[in-house]
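Numbering-wise, our numbering puts 309 at position 306 of the sequence shown, and it's gapless, one number per residue.
From the three backbone atoms N, C-alpha and C, an ideal C-beta is built for every residue, glycine too.
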Amino acid sequence: MKSLVCSFTTLCVIGNFLPAKGQELKEIRPNFVWFMAEDVSKHYLSLYNDGSYGAVTPNLEKLATEGIIFNNAYSNAPVSSAARTTLITGCYATRLGCSYHRRMEEVPLPKGVNMFPAYLRKAGYYTFNASKTDYNCILDETAWDVVGGKLCEWHNRPNKKKPFFLVRTNVLTHESNLLFPKSRLRETRTNNLPDNVFVHPYHPNTELFRYTYATFYDCIQDSDKELGKLMRMLEENGELDNTFIFYFGDNGGALPGTKGYTTEGGIQVPLVVYVPARWRDKIPLKIGTKVDGFVSFVDFGPTLLHLAGVDARQEMDGIPFLGTDISLKQLNERNEVYGYGDRFGELYAFNRTLRQGKFKYSRNFLSYHPKSLYSNYRYKQAAFCEWRELYEAGKLNAVQSRFFEPQKAEELYDLSIDPYETCNLADSPAYDSILKGLRKLLKSKMIGEHDLGLFPECEWLYYGKQSPTEFGLNSWTSIKKYSDIADLELGSFEEAETILRKVLNSTDPVERYWGVTVCAAFGDKASSLYDELDKLLNDSRGYVRSRAVIAMIRSQSRSVNVEDIMKQALLLSKSSAESLLILNDMTYLHDVLSYNFILRPTELLQSSNEIRNRLEYLNN
């Protein structure tokens with residue numbers, strides 16, 4: 004990573020947009036507008052589907068004819084707060100302790116690191132956010148002149164010669180717009196005809212799903228109208244010819260199984276960049292170019308700083324993708340992108356992805372979990388509930404059913420022929436070398452980035468919330484060790500048994516946690532570790548006890564007094580994050596293994612919105 008950062012710093016220093024002596028700032032530096040459409044993956048746009056299906060967006064398409072289309076743009080994280088933190092810092096949220104949606108506790112940025120708009124402000128830019136922050140770290144007070152305000156807030160900047168940076172979040176496409184009752188099918192017509200939508204192969208092709216798709220197409224088109232309004236305002240104010248406009252989704256979504264999940268539908272977003280007339284002869288890309296190289300949210304901040312001729316901090320992970328010195332050839336050589344999913348509301352997940360060229364590798368660290376594990380907000384969507392009901396009734400095909408079944412520890416897809424990730428190649432001998440190569444690369448990436456996901460959230464919060472990045476840096480040895488234990492699942496139980504026996508007796512609670520998690524994944528193969536697992540039912544850490552319950556049940560070692568042990572684990576918990584992790588295990592036991600729980604609030608020492616959602620669900 005260091006070599007990339009150094010090359011980025013060099014680019015910033017030699018950027019051709021630095022003002023010459025005596026030139027006015029407004030004459031040399033462009034304005035920037037980010038138009039973020041919430042919860043939109045590229046798969047729902049006609050622009051990205053050769054006009055054959057998807058929402059038709061005339062204003063975005065006009066923007067594309069005067070700009071650059073990026074075919075492979077990624078939000079890194081599949082949900083807003085984690086993705087936005089990545090976006091605003093230019094850093095991978097996994098090393099900042101900011102990849103959990105939403106934060107249980109506020110954490111600071113690393114020393115010496117600001118949100119990137121602060122560097123623009125220092126260089127003379129007027130920065131304003133209209134009007135959503137939603138970051139998982141403490142807000143940088145130096146980043147924005149204004150948070151809130153109107154769409155045309157640039158009118159109010161004290162010095163009209165100042166260049167500006169506007170972030171506009173458009174909520175018309177947000178997932179909440181799809182939380183309607185099933186009765187709406189008969190009450191409200193959509194502008195897009197439900198029979199004309201393209202239903203993705205992992206969804207059932209039902210009347211409700213077609214209607215939900217059509218409704219989402221309508222939402223995207225409503226959002227497009229605001230984009231058109233913004234473009235007209237810039238033109239009428241004489242700013243359009245000097246303003247780069249970035250249109251993109253803040254993460255994927257918003258149909259069931261996309262937002263919040265590290266599928267392509269959850270992390271691949273549309274990105275169109277309008278290049279203003281004044282700068283077209285300076286950017287070595289032809290207007291209308293389609294870029295196939297990969298860019299992601301860590302790159303967006305460094306790109307703006309580079310275009311503005313502003314030096315950036317070496318701590319940023321991203322690399323600029325536009326500038327006078329960046330060619331189409333260089334862009335199309337960018338062929339790797341990293342994705343991550345952790346807690347999503349009250350639902351704990353732990354997934355990491357790496358795409359290299361046409362292949363995408365996914366590592367699911369809680370493989371015995373189905374992706375469908377209950378999450379309060381997700382199941383407010385009628386289509387989500389219908390999907391589950393059809394699965395329970397046995398009315399789905401294998402591809403549509405997979406969301407409700409245990410995950411594979413590893414997934415491998417050839418996206419050139421399988422863009423919806425329907426055919427997992429991980430078990431195919433023909434792809435073994437590709438699988439192992441990507442596995443090694445992803446593991447190296449996680450360890451190199453000091454990925455805090457290898458700690459239970461409650462552990463790194465307890466010991467490292469004052470400086471998560473420094474905690475991760477100092478925990479490099481532990482992170483590698485936990486990664487090695489988690490990867491025991493990828494081999495045979497016979498190869499893993501001796502190491503697991505040692506790990507289950509470790510003095511390190513996180514080692515024990517990963518040991519029981521791997522045992523849970525092995526299921527009945529781990530029955531020979533009965534004595535070690537039985538001992539962990541009385542572990543000093545509540546989250547180890549609760550995971551040991553799952554391992555014991557799945558290994559079919561013996562019957563377990565599930566309710567009593569889980570309640571005791573909750574009473575041991577030292578934080579809301581630990582209680583929530585235990586409640587997540589209880590949700591698995593309920594949803595997958597049919598255990599029932601009755602919990603009183605007095606049986607928990609902590610509380611949060613996420614905990615209340617879990618209690619309400621488990622008690623009902």
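Worksheet entry | Alpha carbon of Ser530 to alpha carbon of Ser558, nearest angstrom | Against the sequence shown, residue 530 aligns to sequence position 527. Against the sequence shown, residue 558 aligns to sequence position 555. Taking the straight line joining both Cα atoms gives about 5 Å.
Item to complete: Starting from Asn612, trace the alpha helix (DSSP H) both ways and give me its first and last residue.
Response: Here residue 612 refers to the residue found at position 609 of the sequence shown. Element bounds for Asn612: Asn612 to Asn622.
Worksheet item: If we ignore side chains and look at the alpha-carbon of each, how far apart do Ser549 and Ile568 end up?
Response: Translated into the one-based positions of the sequence shown, residue 549 becomes position 546. Translated into the one-based positions of the sequence shown, residue 568 becomes position 565. Using only the alpha carbons, I get a separation of about 7 Å.
Worksheet entry | C-alpha gap between Met449 and Gln359, whole angstroms | Numbered from its first residue, the sequence shown carries residue 449 at position 446. Numbered from its first residue, the sequence shown carries residue 359 at position 356. A straight-line Cα-Cα distance of about 15 Å links Met449 and Gln359.
Discussion item. Considering only DSSP beta bridges, list what Phe38 is partnered with.
Written reply: Within the sequence shown, numbered from 1, the residue matching residue 38 stands at position 35. In DSSP, Phe38 forms a bridge with Arg171 and Tyr250.
Worksheet item: Can you list the alpha helix (DSSP H) stretches of 4 or more residues lying completely in the stretch 58 to 111, in chain order?
Response: 61 to 68, 83 to 92 and 96 to 99
Worksheet entry | Option in Asp588, Ala572 and His593 with minimal Cα separation from Glu606 | Translated into the one-based positions of the sequence shown, residue 606 becomes position 603. Cα-wise, what sits closest to Glu606 is Ala572.
Discussion item. Could you compute how far the alpha carbon of Val402 sits from the alpha carbon of Thr97?
Written reply: What you label residue 402 is simply residue 399 of the sequence shown in a count that begins at 1. What you label residue 97 is simply residue 94 of the sequence shown in a count that begins at 1. For the pair Val402 and Thr97, the Cα-to-Cα distance works out to about 30 Å.
Worksheet item: Does the distance from the C-beta atom of Phe583 to that of Glu613 stay below 7 Å?
Response: For the purposes of this step, residue 583 is taken as the residue at position 580 of the sequence shown. For the purposes of this step, residue 613 is taken as the residue at position 610 of the sequence shown. The question names Phe, but residue 583 is Leu in the sequence shown. Yes.
Worksheet item: What are the boundary residues of the beta strand (DSSP E) that Asp417 is part of?
Response: Position 414 of the sequence shown, counted from the first residue, corresponds to residue 417. Per DSSP, Asp417 belongs to the beta strand (DSSP E) from Glu413 to Asp417.
Fill in: Contacting residues, own chain, Cβ-Cβ under 6 Å from Arg337 (five flanking each side not counted)
Here residue 337 corresponds to residue number 334 of the sequence shown, with the count starting at 1. Taken in chain order, the residues that qualify are Gly296 and Phe297.
Item to complete: Spell out a yes or no on whether the stretch 389 to 405 and the stretch 428 to 446 are touching, meaning 3 or more CB-CB pairs, one atom from each, closer than 8 Å.
Response: No contact exists between the stretch 389 to 405 and the stretch 428 to 446.
Practice prompt. Could you check what DSSP says for Gln559 in three-state terms: helix, strand or coil?
Written response: For the purposes of this step, residue 559 is taken as residue 556 along the sequence shown, with counting starting at 1. If DSSP states are grouped into helix, strand and coil, Gln559 belongs with coil.
Worksheet item: Shortest alpha-carbon distance to Thr145 belongs to which of Pro161, Ala126, Trp157 and Lys163?
Response: Your numbering for residue 145 matches position 142 in the sequence shown. Ranking the options by Cα distance to Thr145, first place goes to Ala126.
Worksheet item: Based on the DSSP output, what are the partners of Ser299 in its beta bridges?
Response: Taking the first residue of the sequence shown as position 1, residue 299 is located at position 296. For Ser299, which the question treats as bridged, DSSP gives the partners Tyr77.
Discussion item. So, with DSSP's three-state summary, where would you put Ser576?
Written reply: By 1-based counting over the sequence shown, the position of residue 576 is 573. Coil at Ser576, not helix or strand.
Discussion item. Assuming Phe347 and Leu369 are in contact, meaning their beta carbons sit under 8 Å apart, how far apart are those beta carbons, in whole angstroms?
Written reply: Translated into positions along the sequence shown, residue 347 becomes position 344. Translated into positions along the sequence shown, residue 369 becomes position 366. With a Cβ gap of about 12 Å, Phe347 and Leu369 do not count as contacting.
Worksheet entry | Inter-residue spacing [alpha-carbon to alpha-carbon] between Val16 and Phe300 | Stepping through the sequence shown from its first residue, residue 16 is reached at position 13. Stepping through the sequence shown from its first residue, residue 300 is reached at position 297. Legend: pLDDT at Val16 = 35, less than 50; position of this residue unreliable, no value from coordinates given.
Worksheet item: Where does Phe362 fall in DSSP's three states?
Response: In the sequence shown, counting from the first residue as 1, residue 362 sits at position 359. DSSP places Phe362 in strand when its eight states are reduced to three.
Item to complete: Ignore the nearest five residues each way along the sequence and tell me which others in Pro604's own chain have a CB closer than 8 Å to its CB.
Response: Within the sequence shown, numbered from 1, the residue matching residue 604 stands at position 601. If we look at Pro604 and ignore the five residues flanking it on each side, its Cβ neighbours are Ser610 and Leu618.
Worksheet item: How many Å lie between Ala80 and Arg171 at the Cα?
Response: Numbered from its first residue, the sequence shown carries residue 80 at position 77. Numbered from its first residue, the sequence shown carries residue 171 at position 168. C-alpha separation (whole angstroms): 20 Å.
Discussion item. Less than 6 Å between C-beta atoms, sequence neighbours within five positions excluded: which residues of the same chain meet that for Glu492?
Written reply: By 1-based counting over the sequence shown, the position of residue 492 is 489. Cβ neighbours of Glu492 beyond the five flanking positions: Ala412, Val521 and Ala524.
Fill in: Heavy atom of the ligand NAD within 6 Å of Glu318 beta-carbon
Ligands are entirely absent from the displayed structure, and the ligand NAD is therefore not among its contents.
Discussion item. How far does the alpha helix (DSSP H) with Gln224 in it extend, from its first residue to its last?
Written reply: Numbered from 1 along the sequence shown, position 221 holds the residue referred to as residue 224. Gln224 -> alpha helix (DSSP H) spans Glu210 to Glu239.
Discussion item. Going by beta-carbon coordinates alone, are Gly255 and Ser44 separated by less than 7 Å?
Written reply: Counting from 1 along the sequence shown, the entry for residue 255 is found at position 252. Counting from 1 along the sequence shown, the entry for residue 44 is found at position 41. Against a cut-off of 7 Å, the Cβ pair of Ser44 and Gly255 comes out as a contact.
Discussion item. What residue range does the beta strand (DSSP E) around Gln271 cover?
Written reply: Position 268 of the sequence shown, counting from 1, holds the residue named residue 271. Unbroken beta strand (DSSP E) run through Gln271: Gln271 to Tyr277.
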